[in-house]
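Below you'll find the structure, written out as structure tokens, and then a few comments.
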Amino acid sequence: MRQKLTIAVPRGALLAGTLDLLDGLGVDTEEVRGNDRKLLFEDAGIVTMRPSDVPTYVEHGAADIGITGKDVLLEQPDRDVYELVDLGYGRCEMVVAARQGDDALAESLRRLGRVRVATKYPRVALRHFAETGRQAEIVQVNGSVELAPLTGLVDGIVDLTATGTTLRENGLEVLEQIVTCTARLIANPVAHKLKAPDIDELVRRIREAGP
Amino acid sequence: MHPIPPGTRDVLPDEMAELRSISERLRATLDSAGYGEVWTPLIEYEEVLNTGEGAGAHYRMFDERGRVLALRSDMTIPIARLVATRLAGAATPLRLSYFAHAYRSVGHGTGHQSEFLQSGLELIGVAGEEGEAEVIELTLAALDAAGLARHRIGLGDGALYRTLLATLEVPRARHGELIERLSMRDLVGLERVVDQLGLARDARDVLVRLPSLRGGPEVFDRAGGPAGTALDGLRTLHAALEDRGVADRVILDLGLVRMLGYYTGAVYEVYDPAVGFTLGGGGRYDDLIGRFGAPQPACGMALDVQRVHIAQAAEERLR
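Residue numbers (the working numbering), protein chains in the order written: chain E, 4 to 214; chain X, 383 to 701.
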């Protein structure tokens, strides 16, 4: 089936679930599955990118709709996009974690009046600590967040975890759960009006096939 | 390197000539409909912008006596002030237009403009659907004149969801949360909050379904049941648009809410398939001029001239 809509598809952990979903809707994803370097698949109406870029492409209308994680949407709340459907897959927890058997977070708060936290999600982290009445200094890192508390850079981290394995293997434990994140279908606000029948039909079929 | 602030830009002669030509065509349409052009100061007292409850003050400075000045963030509030002061007691309806820059801060690297040129119109002293229909018809005509062909106007009622919440006796304390989800366009979150309210099935369904209803007059039937009388305003306006022969270029959107606090009824957005952003928007603001001391019903629309230019350029490529 040739899509009338351009879909922004996230590479990485959400890719497999997204392609399965699209297969179920009759979109031909074979070429995407067979090619992990190519980014634009015009015949299928698919563009692939990092999950955190999906809201950008959809907001600017370079894609009509897109799929990305709730974690990405929480970190980019100013993006003007519709959040249409909770797709259910890609389930992860956003958590606060720190070194096992270590009360660095609480001690730091008691003696120094604030916690130091490393994260790839500074806005989510700041908001969580503000909502729980704690001052936080956010240290933004771009990868391997687990390393930060082990080296003494910070007291703890805010990160996304699916099974907790990576945290455990690095001697970290989950202290607080912030929010559960799943894949979401988002839409450009203009496409949502001008291509309403196509988008509604897609949403209806996703809900029918739904979990 | 001598950088300019994020979201601002220099315009060179080629682009300027095209922007000028679009502006002239928009202006000619508004002129011939009897809309007189006005200017107001680029800087206002911050207090004036706050009185309006619009986009607020984004760029502030002090004058020599320590008063807080701000760059205007739209033209509707300065014009409301103007109407209540300089034009108090003038015969209505008043038809005013403007071409002016307004300022709102944007994040680095978002691709949005913090300085934008607006072309707009305000119709003051006409209550109800006839005022709104005139503004919508004229906006469509101005964009025709600017060289667009596929533009549409999204039309909603900014008060609809609140009316519905009151009708369905949803506790007042929950309204803010629901309206916030709706204005964030977070329909997943909205459904989640509605589900916590413990409403009867059909009440729950209408609250969840309503924001997704958009299209032609069939949406009135699809809304059904509890939404019934809350839709009367939009129904009347739609009939007025049919009389003017422009209803087929209007997309009814029952989920449309515009963020600015001063809107009291109908709200509009302007779309073109060539641009992923709205080209402009507006609505009815019957309480705004009254906040400056001279109550008047009013409605208006503002277009972002640079975005209209992008759409016009795309339209030219299609031909």
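Glycine included, every Cβ here is placed at the ideal spot set by N, Cα and C.
Proximity below 8 Å, CB of residue i to CB of residue j
i: G69/E; j: I202/E; result: no
i: A656/X; j: E624/X; result: no
i: Q103/E; j: G174/E; result: yes
i: T458/X; j: G682/X; result: yes
i: V687/X; j: Q500/X; result: yes
i: L464/X; j: V393/X; result: no
i: E204/E; j: L569/X; result: no
i: L156/E; j: V177/E; result: no
i: V30/E; j: N191/E; result: no
i: Q138/E; j: G159/E; result: no
i: A101/E; j: L108/E; result: yes
i: A629/X; j: E512/X; result: no
i: T21/E; j: A128/E; result: no
i: L685/X; j: G502/X; result: yes
i: L619/X; j: A515/X; result: yes
i: E573/X; j: V590/X; result: yes
i: A462/X; j: L595/X; result: no
i: V118/E; j: V161/E; result: no
i: R626/X; j: E559/X; result: no
i: L505/X; j: R477/X; result: yes
i: P679/X; j: G538/X; result: no
i: E428/X; j: A439/X; result: yes
i: R702/X; j: L579/X; result: The question about residue 702/X has no answer here: the residues shown for chain X are numbered 383 through 701.
CA-to-CA distance, residue j to residue i, given in whole angstroms
i: G536/X; j: A612/X; result: 18 Å
i: V88/E; j: P475/X; result: 45 Å
i: I692/X; j: Y653/X; result: 12 Å
i: R36/E; j: M52/E; result: 14 Å
i: A470/X; j: P460/X; result: 14 Å
i: S565/X; j: L90/E; result: 21 Å
i: L163/E; j: D587/X; result: 33 Å
i: I633/X; j: K123/E; result: 40 Å
i: E33/E; j: I49/E; result: 11 Å
i: A482/X; j: G510/X; result: 27 Å
i: E110/E; j: E134/E; result: 19 Å
i: E435/X; j: K41/E; result: 48 Å
i: A695/X; j: L616/X; result: 33 Å
i: E149/E; j: R563/X; result: 33 Å
i: M97/E; j: G672/X; result: 47 Å
i: P152/E; j: C184/E; result: 24 Å
i: L2/E; j: T169/E; result: The structure shown does not extend to residue 2/E, since chain E is modelled only from 4 through 214, so no value can be given for it.
i: V75/E; j: L18/E; result: 15 Å
i: V182/E; j: E651/X; result: 34 Å
i: A605/X; j: G540/X; result: 16 Å
i: G677/X; j: A437/X; result: Gly is not the amino acid found at residue 677/X; the sequence shown has Pro there. Approximately 21 Å, taken between the alpha carbons.
i: A452/X; j: D445/X; result: 10 Å
i: I386/X; j: V488/X; result: 14 Å
i: T702/X; j: R534/X; result: Beyond the ends of chain X as shown, which are 383 and 701, falls residue 702/X; an answer cannot be given.
i: R208/E; j: G27/E; result: 9 Å
i: T154/E; j: R689/X; result: 50 Å
i: Q495/X; j: L431/X; result: 20 Å
i: G597/X; j: A199/E; result: 7 Å
i: L542/X; j: G607/X; result: 14 Å
i: R114/E; j: H63/E; result: 46 Å
i: D67/E; j: E45/E; result: 13 Å
i: R583/X; j: G571/X; result: 18 Å
i: E179/E; j: L43/E; result: 39 Å
i: L530/X; j: R631/X; result: 13 Å
i: L642/X; j: I561/X; result: 13 Å
i: G136/E; j: P80/E; result: 21 Å
Beta-carbon separation (whole angstroms), residue i vs residue j, contact threshold 8 Å
i: Y485/X; j: Y441/X; result: 5 Å
i: A212/E; j: G93/E; result: About 16 Å separates the two Cβ atoms, so there is no contact after all.
i: K196/E; j: D635/X; result: 6 Å
i: G658/X; j: A65/E; result: 7 Å
i: A466/X; j: G675/X; result: 5 Å
i: R454/X; j: E426/X; result: 6 Å
Distance cut-off 7 Å: residue i Cβ against heavy atoms of the ligand MN
i: D74/E; result: Ligands displayed in this structure: none; no statement on the ligand MN is therefore possible.
Item to check | Segments assigned beta strand (DSSP E), at least 3 residues, entirely inside the region 634 to 673 of chain X | outcome: 648 to 654, 657 to 666
Checklist entry - Per the contact definition of three or more C-beta pairs closer than 8 Å, is the region 600 to 612 of chain X in contact with the region 545 to 553 of chain X? => result Taking 8 Å as the limit for Cβ pairs, the verdict is that the region 600 to 612 of chain X does touch the region 545 to 553 of chain X.
Next on the checklist: Suppose only complete runs of 3+ residues qualify. What are the beta strand (DSSP E) ranges in the region 60 to 137 of chain E, listed by chain order?
Outcome noted: 68 to 72, 85 to 89, 95 to 102, 118 to 122
Checklist entry - Going along the chain, which unbroken runs of the alpha helix (DSSP H) with 4 or more residues stay wholly within the region 514 to 541 of chain X? => result none
Checklist entry - So, do the region 519 to 531 of chain X and the region 396 to 411 of chain X have three or more beta carbon pairs nearer to each other than 8 Å? => result The region 519 to 531 of chain X, when compared against the region 396 to 411 of chain X, does touch it at the 8 Å Cβ threshold.
Checklist entry - If we count Cβ pairs, one from each stretch, closer than 8 Å, do we get three or more for the region 663 to 676 of chain X versus the region 397 to 407 of chain X? => result no
Checklist entry - Between the region 7 to 19 of chain E and the region 54 to 74 of chain E, are three or more C-beta pairs nearer than 8 Å? => result yes
Next on the checklist: At 3 residues or longer, what runs of the beta strand (DSSP E) sit wholly inside the region 127 to 190 of chain E?
Outcome noted: Every unbroken stretch of the beta strand (DSSP E) spanning 3 or more residues and falling wholly within the region 127 to 190 of chain E is given here in chain order: 139 to 143, 159 to 164, 175 to 184, 186 to 190.
Next on the checklist: Against chain B, which members of the region 553 to 571 of chain X pass a CB distance test of less than 8 Å?
Outcome noted: The displayed structure is made up of protein chains E and X, and chain B is not among them.
Checklist entry - Fully enclosed by the region 431 to 461 of chain X, which beta strand (DSSP E) runs are 3 residues long or longer? => result 442 to 444, 450 to 453
Next on the checklist: Please give the ranges of any beta strand (DSSP E) in the region 533 to 617 of chain X, keeping only runs that are unbroken, at least 3 residues long and fully inside the region.
Outcome noted: 534 to 539
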